[in-house]
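Set out below in structure tokens:
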């Protein structure tokens with residue numbers, strides 16, 4: 342069974358957990374990114390009803406705890422990865438507030454145009470952007486069975502297997518996690534309800 346990450350613990354608890362893993366400058370940078378993301382996403386909710394910020398914290402948790410990421414720009418991008426796509430925030434606002442590299446990473450993982458072109462573009466993404474996207478998708482699918490629409494569960498499973506399982510190949514933790522997740526959720530391929 343693949344590990345499940347839990348953003349419901351909140352940023353203060355995660356921050357305390359990361360005191361010995363991340364330097365003070367990185368923690369301060371993450372404080373700013375969390376505050377910005379919370380302000381911009383407001384009271385948005387995920388499909389199963391949980392506050393949107395929990396998803397952002399889960400992506401961060403995946404990168405810090407499982408992938409061993411310590412780069413502040415990559416970690417901020419995980420917290421901000423949906424801010425351009427799902428709020429009125431522009432990429433220029435992200436660049437002005439958080440710098441070029443964080444904005445570039447957010448740009449890579451922001452959907453633009455049709456979905457197939459976006460998913461295909463991920464094959465050319467830099468490693469850091471791909472790590473953010475793999476952490477994002479991991480958070481999205483780790484509790485796929487809680488999605489309220491069965492047809493969406495099956496479609497999301499198939500898309501994850503077709504696109505993200507191959508992108509995770511050769512990427513240590515991600516490769517193993519997605520392989521285990523795929524096996525555990527194989528019934529969704531057939532549209533079965535577990």
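In the numbering used here, the protein residues as written are 342 to 535.
The C-beta atom is built at its ideal place from N, Cα and C for all residues, glycine as well.
If you're wondering where the values come from, they're calculated on a predicted model, not measured in any experiment.
Does the Cβ of residue i have 16 or more other Cβ atoms within 10 Å, making it buried, or fewer, making it exposed?
i           : result
residue 431 : exposed
residue 385 : exposed
residue 501 : buried
residue 474 : buried
residue 399 : buried
residue 361 : exposed
residue 409 : exposed
residue 527 : exposed
When the distance is taken between beta carbons, is residue j closer than 7 Å to residue i?
i           : j           : result
residue 422 : residue 450 : yes
residue 403 : residue 479 : yes
residue 397 : residue 420 : yes
residue 378 : residue 424 : yes
residue 510 : residue 516 : yes
residue 417 : residue 439 : yes
residue 389 : residue 504 : no
residue 443 : residue 414 : yes
residue 529 : residue 494 : yes
residue 345 : residue 483 : yes
residue 428 : residue 381 : yes
residue 407 : residue 514 : yes
residue 353 : residue 518 : no
For residue i, list the residues DSSP reports as bridge partners.
i           : result
residue 392 : 386
Taking only three categories from DSSP, how would you classify residue i?
i           : result
residue 511 : coil
residue 439 : helix
residue 430 : coil
residue 451 : coil
residue 483 : coil
residue 594 : A query on residue 594 cannot be resolved here, the shown segment of the chain reaching from 342 to 535 and no further.
residue 363 : coil
residue 528 : helix
residue 373 : helix
residue 456 : helix
residue 345 : coil
residue 491 : helix
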